[in-house]
Amino acid sequence: MSTPVIIDTDPGQDDAVALLLALASPDEIEVLGITTVGGNVPLHLTVRNALIMTELAGRTDVEVHPGCPGPMSRPLVTAEYVHGDTGIDGASFADPSIGPSTVGAVDFIIDTLLARDHVTVCTLGPLTNIGTAMQREPRIADRIDGLVMMGGGFFEGGNCTPAAEFNIYVDPEAASHVFRSGIPLVMMPLDVTHRALTSEARIGAFAALGTAAGDAVAGMLRFFERYDKERYGTGGAPLHDPTVIAYLLEPELFTGRECHVEIETRSELTRGMTVVDWWGLTGGDANCLVMREIDDDRYFELLTERIGRL
Numbered sequence: 002m003s004t005p006v007i008i009d010t011d012p013g014q015d016d017a018v019a020l021l022l023a024l025a026s027p028d029e030i031e032v033l034g035i036t037t038v039g040g041n042v043p044l045h046l047t048v049r050n051a052l053i054m055t056e057l058a059g060r061t062d063v064e065v066h067p068g069c070p071g072p073m074s075r076p077l078v079t080a081e082y083v084h085g086d087t088g089i090d091g092a093s094f095a096d097p098s099i100g101p102s103t104v105g106a107v108d109f110i111i112d113t114l115l116a117r118d119h120v121t122v123c124t125l126g127p128l129t130n131i132g133t134a135m136q137r138e139p140r141i142a143d144r145i146d147g148l149v150m151m152g153g154g155f156f157e158g159g160n161c162t163p164a165a166e167f168n169i170y171v172d173p174e175a176a177s178h179v180f181r182s183g184i185p186l187v188m189m190p191l192d193v194t195h196r197a198l199t200s201e202a203r204i205g206a207f208a209a210l211g212t213a214a215g216d217a218v219a220g221m222l223r224f225f226e227r228y229d230k231e232r233y234g235t236g237g238a239p240l241h242d243p244t245v246i247a248y249l250l251e252p253e254l255f256t257g258r259e260c261h262v263e264i265e266t267r268s269e270l271t272r273g274m275t276v277v278d279w280w281g282l283t284g285g286d287a288n289c290l291v292m293r294e295i296d297d298d299r300y301f302e303l304l305t306e307r308i309g310r311l
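Residue numbers are given in this note's numbering: position 286 of the sequence shown equals residue 287, and the series is strictly consecutive.
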């Protein structure tokens, strides 16, 4: 049976690839809806980009629900310096021919979780929508089978500040709410995604598919990787967000450890840091399965094979 999921996202080229991976895998993943949040780019663009991906995948049956434009208690920080002005620069897309749902993301999350059993939530951006939904309706925490997120880092540090990964940094209060909720959590931190770098061969495999989706992914990733190449001198860029969907499809690709994780919300120096007690130094109860290793070759094979179905 397929796993029913809500995908909460802020596309972003890597979010876009994650959406395509999920939409290309209906036998394993039932996408109940896509909720968008302000993050990599402002909300109106994350909505547009999600709609474009549903059209590209031929899955306009999956509705897009606009969510929170900014964090629970802070101004929005965006990342056009990584993703470009549209968030999905690198490929040419027409404006979507469909519009978003009239049901907002927070209402959709609450209503769906109260009505459906065994729903998994996948978060690819800041946790604002989920944190807001839990504040508005605390009962939903007990209704979530699991929450798989891309966010955080520990041995790798941060990519937005020396201490913090972008998704957590943008709304640390929402992240703290989620990590204290008791929901079964799985975290894909930078420690995993930095082991899954693009390369010319890996991007070329998408281009070689000879499809609109393959061409779009290749173009987006060629643009996306330029930032990390310039900033860090790496041969490619970490393909962060699809790890969340890959975990649902092939969890054996990843290895990690159950840890106690806290979110720093008060320090200006380390705001948004995921404080991962990897070695069990505090004695705190484990609240998150934190991944550290990935079979990166198989990961890119899975991405190429599934996107090749579109």
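Yeah, the Cβ is synthetic: ideal placement off N, Cα and C, and Gly gets one too.
Within the same chain, G39 and L77 come within 7 Å of G71 by CB-CB distance, once the 5 residues on both sides are set aside. The straight-line gap separating the alpha-carbon atoms of G88 and D11 is approximately 9 Å.
DSSP lists no bridge partner for T283.
Between F180 and V262, the C-beta gap is smaller than 8 Å, which places the two residues in contact. Comparing alpha-carbon positions, the option among E259, H119, L240 and R272 lying closest to D297 turns out to be L240. Looking at L282, V6 and T235, the one whose alpha-carbon comes closest to that of R117 is V6.
Exposed is the label assigned to Y233, since fewer than 16 other Cβ atoms lie within 10 Å of its Cβ. Cβ neighbours of E251 within its own chain (closer than 8 Å, five residues either side excluded): R299 and L303. For R144, there is no enclosing alpha helix (DSSP H), since its DSSP letter is neither H nor E. For D62, no alpha helix (DSSP H) run applies, since DSSP gives it neither H nor E. Excluding sequence positions up to five before and after Y170, its CB lies within less than 8 Å of the CB of V78, G159, C161, T162, R272 and G273, all in the same chain and listed in chain order. Beta-bridge pairing by DSSP links D278 to H261.
A134 sits close to I110, with the two beta carbons spaced by under 8 Å. In the three-state DSSP reduction, V193 falls in the helix class (H, G or I). The beta carbon of I184 is closer than 6 Å to those of A142, I145 and L148 in its chain, skipping five residues each way along the sequence.
Counting the other Cβ atoms within 10 Å of the Cβ of F167 gives 16 or more, which makes it buried.
With respect to L128, G154 sits apart: the two C-beta atoms are not nearer than 8 Å. Comparing alpha carbon positions, the residue from D278, I308 and Y82 closest to P243 is I308.
Counting along the chain, the unbroken alpha helix (DSSP H) around T133 starts and ends at T129 to R137. Taken in chain order, the whole beta strand (DSSP E) runs of length 3 or more contained in the region 218 to 265 are 255 to 264.
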